[in-house]
Amino acid sequence: LEQVHPPSYEGTVERAVAQLEEKMKKMLDMRRIQQFAVDVTLDPDTAHPKLILSDDRKEVKHGDDWKKLPDNPERFSKCVFVLAEQSFSSGRFYFEVQVKGKTEWDLGVARESVDRKEILALRTKNGFWTLVLRNENRYSTGEKTSTLFDLHPGPEKVGVFVDYDQGLVSFYDKLYPFFSPYLNNGGKNSAPLIICPVSQAGR
20 LEQVHPPSYE
30 GTVERAVAQL
40 EEKMKKMLDM
50 RRIQQFAVDV
60 TLDPDTAHPK
70 LILSDDRKEV
80 KHGDDWKKLP
90 DNPERFSKCV
100 FVLAEQSFSS
110 GRFYFEVQVK
120 GKTEWDLGVA
130 RESVDRKEIL
140 ALRTKNGFWT
150 LVLRNENRYS
160 TGEKTSTLFD
170 LHPGPEKVGV
180 FVDYDQGLVS
190 FYDKLYPFFS
200 PYLNNGGKNS
210 APLIICPVSQ
220 AGR
């Protein structure tokens, strides 16, 4: 008589539990970060003349026409950038941006003192801390030595979290949330960047 051994699911169960624990940890980390959510609106006085802002100042996209706007000191005149109206110089803050449908964009934070009238690389030495998308799926920071990485499919939303209290960023300039929908690319990149209410996270 042959003895029957039921299959062992021990390893499978352990892996499933480990995956569940990891997922729960990520959810708790995300909830911890989301408690620092701030309401962000775009500052039209900083917007490059080819950028189109929505009436509620929550969306920005690239337009092909150069609008006649005052060349005030706050306005970016060479790069298609816009800053938020809100600035931060201590504590923690978090905001989310919908990037669905975009093939290229730049997001992050910028020092108040960034040069608004020159073409600048998005590097920390120039006052920018960014995540960049190029060619639909090539992500990097703006740094010269940045590692490129691919994501398939790419995210529909990007969250930006800054924690001064950990000393990860320390200087006396104010920081402003920073956005660039990048170039229109003949309509291929015409979708707007949209600042989302954080309560929608994870939906």
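Residue numbers (the working numbering): 20 to 222. Using N, Cα and C, we set each Cβ at its ideal position, and we do this for glycine too.
*Look up residue 159 in the DSSP assignment and say whether it is helix, strand or coil.*
In this structure, DSSP gives residue 159 an extended state, which the three-state scheme calls strand.
_Test item: CB-CB of residue 176 and residue 117 under 9 Å_ = Between residue 176 and residue 117, the C-beta spacing is below 9 Å.
*Please classify residue 137: is it buried, with 16 or more other beta-carbons within 10 angstroms of its beta-carbon, or exposed?*
Burial check for residue 137: the Cβ neighbour count within 10 Å stays below 16, so the residue is exposed.
*Can you tell which of 58, 69 and 154 has the C-alpha that lies nearest to the C-alpha of residue 121?*
Distances from the alpha-carbon of residue 121 to those of 58, 69 and 154 put 154 closest.
*According to DSSP, is residue 39 helix, strand or coil?*
In the structure shown, residue 39 sits in a helix (DSSP, three-state: H, G or I).
*By DSSP, does residue 149 sit in helix, in strand, or in coil?*
Residue 149 sits in a strand when the DSSP states are folded into three classes.
*Would you say residue 113 and residue 53 are within 9 Å of each other, going by their C-beta atoms?*
Judged by their CB atoms, residue 113 and residue 53 are nearer to each other than the 9 Å cut-off.
*asked:* Please return the same chain residues whose Cβ sits closer than 6 Å to the Cβ of residue 119, not counting the five positions on each side in sequence.
replied: In its chain, beyond the 5 residues on either side, 175 have a beta carbon closer than 6 Å to the beta carbon of residue 119.
*Please check the pair residue 183 and residue 128, which I expect to be a contact at CB under 8 Å, by giving their CB distance rounded to whole angstroms.*
Rounded to the nearest angstrom, the Cβ distance from residue 183 to residue 128 is 11 Å, too far for a contact under 8 Å.
*Give the DSSP-derived three-state secondary structure of residue 32 in the structure shown.*
Residue 32 falls in the helix class under three-state DSSP.
*Neighbour-count burial assignment, residue 132, 16 or more Cβ in a 10 Å radius*: With fewer than 16 other beta carbons inside 10 angstroms of its own, residue 132 counts as exposed.
*asked:* I need the DSSP call for residue 199, collapsed to helix, strand or coil.
replied: Strand at residue 199.
*Quick one: Cα of residue 103 to Cα of residue 64, how far?*
Cα to Cα, residue 103 sits roughly 10 Å from residue 64.
*Element boundaries [beta strand (DSSP E), containing residue 95]*: Annotation for residue 95: no beta strand (DSSP E) segment contains it, and DSSP assigns it neither H nor E.
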